[in-house]
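Chains as they are written, first to last, in this note's numbering: chain E, 117 to 404; chain V, 19 to 352. Here's the structure, in structure tokens; my notes come after.
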């Protein structure tokens, strides 16, 4: 048995030892600060068409230059980053919500429901996400950030469902769950009070992985031209840069900033989730 | 036992196909309004329909959707058409069929995915194997964080960076296309050289981004294997390090690595689609991109179905072969 303070002290030590998680969290925190404080300090007018003389190289006036439409690239980047993160967070939250529910039900109740959910998840895992998402996004008219997030969320539940189901299966057999069951604790109470709290580390790790997957999926759809046409997102920045031939014409300051930002997002989330996995698995190894 | 496994696995394959077709059928009908009107309106608005007779196209469209019939009848005739490989006509290139447009693009994609994934798999696995070895030089270990970063970057972003440095600034490789513009494709040395020259950059972006994933996967797998008793025995027998690593360690990690390849196939293909878009490489992905730009709905649908079908088929074949080549596997239900 570990006491709560002991557990917290353990987590702090693990955090200090786990370089990956620390670096990952640091990147993520910086990104969040930039994304949600940046727009407050930015004049949205700078991002509009024809705000400035087009095609300017980066200068002290325009740190990241202007594009062919006369938009200030830094201003567009500042407004686009939170939107992309929002899509990832909304899709991730919806996905993890559905995933936890399905995974719990499937893993806890044996009976006809488990094979249905398990096979269903396997079938959906086989289909490349981009194929379904393209069909959905083509049929939805007027895509905005929220609809985009919901389109992505329609497939974001698969990985969490699988992960949570596997963990629930093993938790179900633990001694304390069995004891509670023998004492006549109801299924719902057992799920909420005994199993769910112990799933928390896995839920957090799945959430980070799902957000990362969701952002990858959005950027893919946006690169195909299926993103929100009238809103700023990182994927749409790349799409428009490509659309206006920025790469071939050598306007590197137009496409490089969103790429750097996207790479930072993925590296930050990847380090965080790998670090979390390492901590969870070490704890698991010690517990056995 | 194996027969049972085959039947279950095949049932799974059929389920995937049914699901994919059903999704393709339902989604356009879930949206409010008349899909024919809406599609044609966007088509006219984007200016793609100016070359063909709109009314003839509307008729083709309406017949295809069969909107005046009950839904179950529409569903059955949808299946009937698909079973006859009839995916309808392209709206933008009207008399051209979707089946022809998609299959003519397929070889380019297969070539690109096949070669670059194999190369990435081979280099990545070797590198990962070396990195798992306890006595590997420190300098090589510095690669690990680099590999992690590489594995986290989407292929097509790397592609853009490669185009900028190697095609625009240094002008070593072409920035777009699969061969010289307007060249006639013959089976001779010049054509092959031209095609390879054009394929270098797209392939490189897939390989570089792919190596990281395979290396990390192999490293993880090998760390587990190196703790096994037979490795200790091999060491006790006085076998050389490289022999243990290659023939006792990596050989046993290679087959599970194939499973990882199967699991990631969908991810790899999505990545390749976007790389094709960036390079205007005339495969399935670029076709899809062009169809999305002008809302050529049947082409989108046909491409998507073909994509799902081929991936499901590849996975089926891999799953059926796998128990035959790896004696450690059992066909038991999980």
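We treat Cβ as the ideally placed atom computed from N, Cα and C, and that holds for glycine.
Cut-off 6 Å between Cβ atoms - residues of its own chain near residue i, not counting five sequence neighbours on either side
i: residue 117(V); result: 103 and 105
i: residue 272(E); result: 207, 211, 326 and 330
i: residue 405(E); result: Since the first residue of chain E shown is 117 and the last is 404, residue 405(E) is not available in this structure.
i: residue 142(V); result: 229, 232 and 233
i: residue 269(E); result: 207, 210 and 211
i: residue 200(E); result: 349 and 350
Interface flag, residue i vs chain E, CB-CB below 8 Å
i: residue 46(V); result: yes
i: residue 173(V); result: no
i: residue 22(V); result: no
i: residue 42(V); result: yes
i: residue 7(V); result: Given a span of 19 to 352 for chain V in the structure shown, any question on residue 7(V) remains unanswerable.
i: residue 284(V); result: yes
i: residue 182(V); result: yes
i: residue 214(V); result: no
i: residue 357(V); result: Here chain V comprises residues numbered 19 to 352, so residue 357(V) is not present and cannot be evaluated.
i: residue 150(V); result: no
i: residue 179(V); result: yes
i: residue 243(V); result: no
i: residue 160(V); result: no
i: residue 30(V); result: yes
i: residue 330(V); result: yes
i: residue 167(V); result: yes
Any C-beta of chain V under 8 Å from that of residue i
i: residue 368(E); result: yes
i: residue 204(E); result: no
i: residue 228(E); result: no
i: residue 449(E); result: This structure leaves residue 449(E) out entirely; chain E is present only between 117 and 404.
i: residue 383(E); result: yes
i: residue 134(E); result: no
i: residue 244(E); result: yes
i: residue 238(E); result: yes
i: residue 323(E); result: no
i: residue 255(E); result: yes
i: residue 262(E); result: no
i: residue 150(E); result: no
i: residue 327(E); result: no
i: residue 247(E); result: yes
i: residue 225(E); result: no
i: residue 273(E); result: no
i: residue 168(E); result: no
i: residue 301(E); result: no
i: residue 259(E); result: no
i: residue 233(E); result: no
In DSSP terms, what residue i is bridged to
i: residue 344(V); result: According to DSSP, which records beta bridges pairwise, residue 344(V) is partnered with nothing at all.
i: residue 107(V); result: 115(V)
i: residue 188(E); result: 182(E)
7 Å Cβ shell around residue i - same chain, five flanking residues per side excluded
i: residue 266(V); result: 248, 249 and 252
i: residue 14(V); result: Absent from the model: residue 14(V). The displayed extent of chain V is 19 to 352, so no value can be given.
i: residue 168(V); result: 226, 227, 229 and 230
i: residue 393(E); result: 321
i: residue 194(E); result: 154, 155 and 158
i: residue 384(E); result: 140, 143, 144 and 147
i: residue 408(E); result: The shown model of chain E, from 117 to 404, leaves out residue 408(E), and the question about it has no answer.
i: residue 135(E); result: none
i: residue 78(E); result: No answer is possible for residue 78(E): it lies beyond the span of chain E, which begins at 117 and ends at 404.
Proximity test, residue i beta-carbon vs the ligand FMN heavy atom, cut-off 7 Å
i: residue 135(E); result: This structure does not include the ligand FMN; it has no bound ligands of any sort.
Close beta carbons around residue i, own chain, < 8 Å, minus the five adjacent residues each side
i: residue 266(E); result: 206, 207 and 210
i: residue 241(V); result: 150
i: residue 158(V); result: 148 and 149
Q. Curious, which full-length alpha helix (DSSP H) runs of at least 4 residues does the stretch 145-194 of chain V contain?
A. The qualifying runs are 156-159, 161-170 and 173-180.
Q: Report the residues of the stretch 332-365 of chain E with a CB closer than 9 Å to any CB of chain V, ordered along the chain.
A: 332, 333, 335, 336, 339, 340, 341, 342, 354, 357, 358, 363, 364 and 365
Q) Listed in chain order, which residues of the stretch 294-322 of chain V have Cβ atoms closer than 8 Å to some Cβ of chain E? A) 295, 296, 306, 307, 310, 311, 313, 315, 318, 319 and 322
Q | Start-end ranges of the alpha helix (DSSP H) lying completely within the stretch 255-311 of chain E, minimum 4 residues | A | 261-272, 274-288 and 291-298
(Q) Please give the ranges of any alpha helix (DSSP H) in the stretch 239-273 of chain V, keeping only runs that are unbroken, at least 4 residues long and fully inside the region. (A) 247-254
Q) Relative to chain V, which residues along the stretch 188-217 of chain E have a C-beta separation below 8 Å, given in chain order? A) none
(Q) Please identify, using Cβ separations under 7 Å, the residues of the stretch 129-148 of chain V that lie next to chain E, in order along the chain. (A) none
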